[in-house]
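> Can you read through this structure? Questions will come right after.
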């Protein structure tokens with residue numbers, strides 16, 4: 004995948020193999036479940052007469068189909084020194100078969116295979132959209148060879164080649180501008196909400212959109228090693244690390260497995276030396292069945308499914324129990340700025356008029372010329388003007404500087420300070436820039452008449468959410484932003500965040516998350532492609548689903564289908580309560596095993612009583628797990644429902660490729 008350059012290429016062999024394995028496990032688990040139901044119906048329903056032969060065949064099918072999804076891996080793990088629930092289930096299943104309890108073995112196989120298949124399906128599915136990030140790179144690029152311009156496949160572009168990038172085109176790979184001036188929309192890559200000016204000597208990133216004039220870009224990295232390609236690799240590596248981490252139940256099972264084996268072996272050996280070997284070997288097998296972790300195996304999955312169901316109804320997509328387990332332990336939340344703390348909709352926040360000028364005239368004249376521009380800031384200026392806007396003639400865009408035109412007989416120039424003289428507005432312009440605003444200056448017939456400040460504003464609920472995280476949940480809050488330091492600091496100050504880090508590229512955000520993980524468990528919240536590596540690296544990645552990019556949603560562990568931050572405090576509470584229920588179920592299951600082993604070893608309970616006890620324990624565990632269904636009311640604490648509104652969806656459509 005590292006060599007990929009565009010999103011349209013076929014899936015790799017590894018992807019296809021993973022997909023086939025995923026489908027095979029789902030099919031095998033389904034077969035095991037159906038076979039177990041048929042076996043139970045045949046054994047107790049009386050539809051097949053005696054039914055014992057049909058039941059036995061069905062149970063054998065369930066054991067083989069279900070066991071094939073986890074038993075081989077359990078054995079392989081044992082040979083490599085890894086112990087987990089899968090090995091415990093395998094041992095218990097073998098013990099049940101040796102005692103002639105095919106039904107018990109079938110139940111073990113089908114329960115565990117279904118829970119494992121669903122978990123792996125969720126993980127595999129969450130990775131398949133990752134290549135969408137590479138669709139930001141065009142399939143072909145235009146390069147300059149002498150006086151000629153030729154079109155070549157992007158993956159054939161090499162270091163030193165000169166790309167010819169026209170207005171509206173995406174840059175195929177990283178490079179440095181050799182000639183031309185322009186404005187670049189880099190939000191998809193760095194998360195900077197306001198377009199940046201670029202001129203000869205400036206570095207540019209793959210996936211940036213050329214919003215101005217024609218530029219020549221000297222290539223500094225092949226497409227296989229561009230910023231976007233490195234984002235893909237970073238996300239994959241982070242997900243692989245997460246995939247190898249042990250789940251809560253596996254960590255508990257690690258010391259449990261050898262303990263049970265030692266106890267069973269001691270019963271068989273010591274008992275055989277002191278009495279009837281056949282009796283004590285049978286008791287040792289009963290001990291293995293007594294240690295059968297049916298309730299233990301479903302303690303976490305059933306709780307997870309109940310909890311995920313509640314989250315789904317609240318507008319959250321949770322990708323498995325590992326995400327909930329990690330989120331429950333979070334003590335640091337890293338928030339992206341653009342599109343997460345802010346709306347990613349640049350807005351005019353202030354208008355300053357020069358002496359003798361009127362603020363409305365400043366906005367109206369600027370809007371007259373900007374209404375002919377496709378610059379992202381133009382829409383904000385036009386919206387702020389409101390009312391009737393006069394038409395402009397002879398409109399010209401000066402790439403990287405501003406725009407000019409004739410309005411009602413007057414020459415109007417609108418652009419950045421320096422292109423248009425700030426005159427006596429200098430102090431006010433500097434103040435606005437310190438507050439994180441982008442300032443454009445307006446000139447009429449050679450006289451500066453005012454300035455307009457534009458900024459991506461904070462979400463109205465952001466400050467209250469940050470306060471809840473810090474005060475109610477004792478969570479440290481950090482802001483990570485690709486925007487410039489001044490803008491990031493201004494937004495952080497308004498949100499009540501002390502730890503603000505601006506000017507971060509995707510790799511910098513990932514490094515920041517890793518650094519935060521040295522002192523605790525980290526959740527990251529973001530919505531852009533540039534956030535994807537950080538989301539994947541964090542212990543719990545949370546994507547803003549409606550407004551976020553597909554890649555961020557795929558890289559994250561949890562996706563928010565609404566477009567508000569009000570979910571965060573309740574989401575953390577929900578995860579913590581879910582983990583508490585998990586621990587209760589595991590404790591009850593472990594206690595039952597601890598009690599059954601000695602009574603089975605001494606012969607106080609026979610095999611039938613042991614199996615019946617397990618069945619009762621499973622019912623208790625399921626009933627307790629179902630409490631997780633009612634433990635979330637996302638967004639209500641801040642007075643907002645989380646269900647996506649038409650406005651949310653509209654915002655998401657507008658911001659589909661923005662950070």
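Residue numbers (this note's numbering): 4 to 662. Idealized CB from N, CA, C, for every residue including glycine. Note that the structure is predicted; figures quoted are calculated from it, not measured.
1) Please report the distance separating the alpha-carbon of residue 80 from that of residue 181.
2) For residue 577, does the count of other Cβ atoms within 10 angstroms reach 16, so buried, or fall short, so exposed?
3) Along the chain, where does the beta strand (DSSP E) that runs through residue 397 open and close?
4) Spatial neighbours of residue 248 within its chain, please: CB distance less than 7 Å, with the 5 preceding and 5 following residues excluded, ordered by chain position.
5) Along the alpha helix (DSSP H) that carries residue 577, what are the first and last residues, could you check?
6) List the endpoints of the continuous alpha helix (DSSP H) containing residue 282.
7) Who are the Cβ neighbours of residue 112 in its own chain at under 7 Å, not counting the five residues just before and after it?
8) Within this structure, are the beta carbons of residue 352 and residue 458 separated by less than 8 Å?
9) Can you list, in chain order, the residues of its chain whose CB lies under 8 Å from that of residue 1, leaving out five sequence neighbours each side?
10) Let me confirm a value: residue 598 is counted as buried when at least 16 other C-beta atoms fall within 10 Å, else exposed. Which label applies?
11) In three-state terms, what does DSSP make of residue 378?
12) Measuring only the C-alpha atoms, how far is residue 281 from residue 103?
13) I'd like the ranges of any alpha helix (DSSP H) spanning at least 4 consecutive residues and lying wholly in the stretch 461-508.
14) Buried or exposed for residue 592, going by 16 or more other Cβ atoms inside 10 Å?
15) Output the boundary residues of the beta strand (DSSP E) element that contains residue 544.
16) Which residues bound the beta strand (DSSP E) around residue 188?
17) Which ranges does the alpha helix (DSSP H) cover as unbroken runs of at least 4 residues, wholly within the stretch 301-353, from first to last along the chain?
18) Helix, strand or coil for residue 261 per DSSP?
19) Return the CA-CA distance between residue 217 and residue 399, expressed in angstroms with no decimal places.
20) For residue 82, count the other beta carbons within 10 Å of its own beta carbon; 16 or more makes it buried, fewer makes it exposed. Which is it?
21) Expressed to the nearest angstrom, what Euclidean distance is found between the alpha-carbon atoms of residue 134 and residue 140?
22) Let's test the definition: count the other Cβ atoms within 10 Å of the Cβ of residue 546 and tell me whether it reaches 16, buried, or not, exposed.
23) In whole angstroms, give me the CA-to-CA distance for residue 343 and residue 286.
24) Determine which residues share a DSSP beta bridge with residue 562 and list them.
25) Can you have a look at residue 5 and say buried or exposed, based on whether 16 or more other CB atoms are within 10 angstroms of its CB?
26) Looking only at DSSP bridge pairs, what is residue 450 linked to?
27) In three-state DSSP terms, what is residue 409?
28) Counting C-beta neighbours from all protein chains within 10 Å, is the total for residue 521 16 or more, i.e. buried, or is it exposed?
29) Assuming contact is defined by CB atoms lying nearer than 8 Å, are residue 372 and residue 410 in contact in what I supplied?
30) I'd like the span of the alpha helix (DSSP H) that includes residue 152, first residue to last.
31) How many angstroms separate the CA atom of residue 505 from the CA atom of residue 176?
32) Around the Cβ of residue 563, are there at least 16 other Cβ atoms within 10 angstroms (buried) or fewer (exposed)?
33) Is residue 270 near residue 604, with beta carbons less than 8 Å apart?
34) Using only CA atoms, which one of 631, 471, 168 and 509 lies nearest to residue 486?
35) I'd like to check one pair, residue 157 with residue 329: are the Cβ atoms closer than 8 Å?
36) Taking the beta strand (DSSP E) that residue 219 falls in, what are its first and last residues?
Inspection of the coordinates gives the following:
1) Going from the Cα of residue 80 to the Cα of residue 181 covers about 55 Å.
2) buried
3) Taken as a continuous stretch (DSSP letters only), the beta strand (DSSP E) holding residue 397 covers 395-401.
4) A caution first: residue 248 carries a pLDDT of 44, below 50, which makes its placement in the model unreliable, though a value can still be read off. The beta carbon of residue 248 lies closer than 7 Å to none in the same chain, with the five residues before and after it left out.
5) 570-604
6) 280-293
7) 35, 65, 66, 69, 70 and 96
8) yes
9) Residue 1 lies beyond the stretch modelled for the chain, which goes from 4 to 662, so this question has no answer here.
10) Exposed, by the Cβ-count rule.
11) In the three-state reduction of the DSSP assignment, residue 378 falls in the coil class.
12) For the pair residue 281 and residue 103, the Cα-to-Cα distance works out to about 15 Å.
13) 465-474 and 488-498
14) buried
15) 543-547
16) 185-188
17) Taking only runs of at least 4 residues, the alpha helix (DSSP H) segments lying wholly in the stretch 301-353 are 324-331.
18) helix
19) 15 Å
20) Exposed.
21) With a pLDDT of 49 at residue 134, under the threshold of 50, the modelled position of that residue is not reliable, and the figure given next carries that caveat. Residue 134 and residue 140: Cα-Cα distance of roughly 11 Å.
22) buried
23) 60 Å
24) For residue 562, the beta-bridge partners assigned by DSSP are 320 and 546.
25) Because the pLDDT of residue 5 is 36, which lies under 50, any placement of that residue in the model is unreliable, and the question is left without a value.
26) 447
27) strand
28) exposed
29) Yes, the Cβ-Cβ distance between residue 372 and residue 410 is below 8 Å.
30) Looking at the DSSP string, residue 152 is not in any alpha helix (DSSP H); the run it does join, the beta strand (DSSP E), is 151-156.
31) About 24 Å.
32) buried
33) yes
34) 509
35) no
36) According to the DSSP assignment, residue 219 belongs to the beta strand (DSSP E) that extends over 218-222.
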